[in-house]
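For the sequence shown, numbering that gives the first Met the number 0 assigns the number 0 to the initial residue and increments by one for each residue that follows. For glycine and all other residues, C-beta sits at the position ideal for the given N, C-alpha and C. What follows is a single structure, written as structure tokens, with notes after it.
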Amino acid sequence: MTQPTDTPATGGQVIDLMDRMPPQRREALEKAARAEVQSTASGIADASTGTVQLSDEVDGQDLPVIEQVDDVARRRLRLHLPAALVSREVWQHRRAVLTHAAGYHAARSPLYLGRLVKLSSIGLWTELGSAWSYLFVTEYGEMIAEARAQAKAKGYADHSDVAQLRAERRAIGQARRRENLTVLSATGVTSYVAVVVAVAEVWGMAMAAPALLPVVGVMYACGLREVRRRAEPFAIFEQAAADEDAPVSDSTINAALRKVKVLGEDEVAELVGPIRAVTINACEATLKLPSGVTAPRVIAARDALAEALNVEASWLDVRQAGHPNRITLWIATSDPFAEARVSPLVEAPERQDVWNRGIPIGFNRRGEVVYLKLKHVMALLGGMSRTGKGMLLRSIICGLGLDPRVNIRLAAGAKPGEHIGYSKVCATFFGRRPGRLDLVLDALLVEAYRREEFLEDEGRAKLSEKDLEQFPLEILIIDEGQEYTQNAGALSADIVAKIERLAGFAAALNIVVLLVTQDPDKNTVPRKFKSNSAVRIATKTGSPTQTNAILKEGATGNGLRAHEIPFERKGLTIVDIDGAAGELIRSYFIEDEEYDGAAPVIAAGRTLRESCGRAPGQFEDPIEDFLLEATGLSSSGGGPGGRGKPGRPEVSAAEVTVLDVLLGAFPPGVDRVPLDDVRTALGDWDQQWAPRPEEEAAAYAGRIGKALGDALAEELAGTDVTLEPTRWRDGGNRVRGYLKADVEAAYEAARKIRK
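Have a look at this one:
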């Protein structure tokens, strides 16, 4: 045996183990290495991953020294800097604001130029007028006009006052025009004009234009002063933040809050930290509300606030941020539900925790995963046809299948074929059979009483997670429930009564009923069941009445309007569940047209359950035992063949009887079988029923006929049933054999005796 050493042997042979691995194993190893890299603090390779170099490859080389810097020390400066400086999301939002402002103002630059010219013209005209008035003493004009009016009023021609005023104006004007300031100003203006003209002549207007900027600036300032003196509203630049496509700012939020009367004219909601760009098309702001304004008040005005912010109601989310006077405002710039998302169960069909975390069924407007918890609850799912109920149920069943602590009982009220793929993980699955559902409810009631007795002995009120091994989570899913609660004839009343009985007390016993119904009304959903349903989910409905029938009375008045969901947006759903009360979500997508996208998930669930001994038929199942005893038929895993048709369970070779063989001799869809086929089936089953060497056909038929009669008489002993061959015509021939109805009646009679 080779002894391990601390250093490699000199001249040792280098073997690349990767070359000896199969491609699948090599790919898995590379994937694991990438996962290890991504788990590091920076998401890049560190000292724990990389390429190993042997000593003989690096001898004589100066190797770099890798220093492991303490994460806290490395981030110490970053921890002391405000988020406004170091947050990537904050800078992303700032870039969006600046980019929008630049584009907004660039598009309006011709308008701004026109306003600038207008304002400068006002300034130029005003200053020219002021200069003219000063140099030519125009204020004397009013005094001269007044003197003339007085002279005319006296009735005689005395113009001495007018002449005196004119003389004074000439003298004052001459003095003003000889002032140093006037002379210097005229000289400066003349020189400036001469320089500009010279530059334009020598170098062209392109070089002369910048020289005109001081004049424009002075005229702009003069015009602005004149406009303010007149008290006329005038603005050159418009607010980019006021544009309907502008990124959100504190000013737009406050303006919207005032518009919907949440804030008064003098009240301000202050930003707590900068606005962050949380996704590529959404930002989030945390605000401190003024005294007297609470988060529930803002949340109640969400729809009106969305209109004030020029976004759809589904693009806005308002939540209380701890304190009642603090909220987080999440605003999207495009529809957050526009793109469907594939269920994470398809990408990673791993074991789920239905009890604690729940099943991922969809995502909310913020893109967060919404989980459905089905523990200690009754659940109701409803909506119109082709609105996403089936896809939502698809996610639920796939998630339940990946938790082996759950027993799935699926009763399909219509179209059982679309559920056949789930049979591998269903403890019970059958198609439209009201009588069998009635028996399932009886079995669940018996099981509920058994669990209730256990809790009574334990002195406890409800079962917990630690009891799941002994008492698994029983989830009865009744799809197209209206077929059972309304269209099952006399059984409908019994089914409704038993559903309501279970809803009244069984939730705490780890027994859940999920009722899925189409076009619901108050008669479709049992009243007491709805009252005890803590989980309510509504896809698109046809009317406010249907919405209230699923969610709760008054739901539409509280803003839960499932009937207003666009029909073309399949998958949009209003959920009233733990952690998402009254929230709009979009359910995850699992392909069901091009191919069966749920098949890998169900296969993973089946493998997981088999490894735990929890696959259908692997564990003691009191519900299926009850059904088998009552009907002699099994629906475990969808029954024999997994097609949702209850059938006689497969038995071991030692337990097979002549009646089993006789019943198995009937081909599918055939109601009678000739004796020749019966003898062939018996011979295939046991050699003693096969022809003996050199035995005549007539002798063989007689021997088997007598032995078969004796065996049937023995198996039917104690019953009032006898089973004899029957004759019928097949074309022109008379055929002797057995009818399937007779064999089934005999089989059922024998089974009851064996019980």
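Problem - Continuous alpha helix (DSSP H) assignments of at least 4 residues falling wholly in the segment 557-645 - result: 598-611 and 621-630
Practice task
Could you spell out where the beta strand (DSSP E) holding MET763 opens and where it closes?
Solution key: The requested residue 763 is not part of the displayed model; the chain covers only 0 to 754.
Exercise for the section: Decide yes or no for the touch test of the segment 428-435 against the segment 449-459: beta carbon pairs closer than 8 angstroms, at least 3 of them. Expected result: Cβ pair count under 8 angstroms is below three, so no.
Handout entry: Length of the line joining the Cα atoms of GLN163 and GLN173
Key = 16 angstroms
Practice task
Starting from HIS504, trace the alpha helix (DSSP H) both ways and give me its first and last residue.
Solution key: The amino acid occupying residue 504 in the given sequence is Phe; His does not appear at that position. Here the alpha helix (DSSP H) through PHE504 covers 490-504.
Practice task
Leaving out five residues on either side along the sequence, give the residues of the same chain with a beta carbon under 8 angstroms from the beta carbon of GLY717.
Solution key: ILE752
Practice task
Can you grab the Cα-Cα spacing for the pair LYS521 / ARG750, in whole Å?
Solution key: The alpha-carbon separation between LYS521 and ARG750 amounts to approximately 43 angstroms.
Problem - Under 9 angstroms between C-beta atoms of GLY581 and ALA614 - result: It is not a contact, given that the beta carbons lie outside the stated cut-off.
Problem - Buried/exposed call for CYS425, threshold 16 Cβ in 10 Å - result: Counting Cβ neighbours within 10 Å, CYS425 comes out buried, since at least 16 surround it.
Problem - Alpha carbon of ALA347 to alpha carbon of GLU26, nearest angstrom - result: 17 angstroms
Handout entry: Exposed unless 16 or more other CB atoms sit within 10 angstroms - verdict on HIS322
Key = exposed
Exercise for the section: Could you have a look at ASN363 and say whether DSSP puts it in helix, strand or coil? Expected result: strand
Handout entry: Beta-carbon contacts of ILE703 that lie in its chain and below 6 angstroms, excluding the five residues immediately before and after
Key = Here the set comprises ARG678.
Practice task
Assign ASN557 to buried or exposed, taking buried as 16 or more other Cβ atoms, counted over all protein chains shown, within 10 Å of its Cβ.
Solution key: Under this definition ASN557 is an exposed residue.
Practice task
With a 10 Å radius around its C-beta and 16 neighbouring C-beta atoms as the bar for buried, classify TRP727 as buried or exposed.
Solution key: exposed
Exercise for the section: Compute the distance between the beta-carbons of THR544 and GLY570, then report whether it is under 9 angstroms. Expected result: no
Handout entry: TYR370 - containing beta strand (DSSP E), residue span
Key = Element bounds for TYR370: 368-371.
Practice task
Would you tell me roughly how many angstroms separate the C-alpha atoms of LEU612 and ARG404, rounded to the nearest one?
Solution key: Note on residue identity: the sequence assigns Gly, not Leu, to residue 612. One C-alpha to the other measures close to 11 angstroms.
Exercise for the section: With a 10 Å radius around its C-beta and 16 neighbouring C-beta atoms as the bar for buried, classify PRO109 as buried or exposed. Expected result: exposed
Practice task
Determine the DSSP secondary structure at ASP249, reduced to helix, strand or coil.
Solution key: helix
Handout entry: Identified DSSP bridge partners for LEU328
Key = ALA284 and VAL317
Exercise for the section: Apply the 10 Å Cβ neighbour rule to GLN351 and answer buried if 16 or more other Cβ atoms are within range, or exposed otherwise. Expected result: buried
Exercise for the section: Assign ARG735 to one of two classes, buried (16 or more other C-beta atoms within 10 Å of its C-beta) or exposed (fewer than that). Expected result: exposed
Problem - Touch test, the segment 268-280 against the segment 354-361, Cβ-Cβ under 8 angstroms, three pairs minimum - result: no
Exercise for the section: Check whether the Cβ atoms of ALA533 and THR546 sit closer than 9 angstroms, and answer yes or no. Expected result: no
Problem - Rounded straight-line distance, which links the Cα of PRO599 to that of PRO22 - result: 22 angstroms
Handout entry: Pair within 9 angstroms by beta-carbon distance, ILE360 and ILE584
Key = yes
Problem - DSSP-derived helix/strand/coil call for ALA716 - result: Three-state DSSP puts ALA716 in coil, outside helix and strand.
Practice task
My understanding is that SER290 touches GLY222, with C-beta atoms under 8 angstroms, so please give their C-beta distance in whole angstroms.
Solution key: The Cβ separation is near 44 angstroms, so there is no contact.
Problem - Neighbourhood of ASN509 by C-beta, 6 angstroms cutoff - its chain only, sequence neighbours within 5 removed - result: Result list for ASN509: LEU462, PHE470 and LEU472, in chain order.
Handout entry: GLU479 and GLY412 closer than 9 angstroms at C-beta
Key = Contact: yes.
Problem - Segment contact, 8 angstroms Cβ cut-off, at least three pairs: the segment 492-501 with the segment 362-372 - result: no
Problem - Three-pair Cβ contact test at 8 angstroms for the segment 659-668 versus the segment 631-640 - result: Of all C-beta pairs linking the segment 659-668 to the segment 631-640, fewer than three are shorter than 8 angstroms, placing the two stretches out of contact.
Problem - THR721 - containing beta strand (DSSP E), residue span - result: It is not in any beta strand (DSSP E) - THR721 carries neither H nor E in the DSSP assignment.
Practice task
Grab the span of the beta strand (DSSP E) containing MET377 for me, first residue to last.
Solution key: 377-382
Practice task
Would you list the residues sitting across from VAL424 in a DSSP beta bridge?
Solution key: Looking at the DSSP output, VAL424 shares a beta bridge with no other residue.
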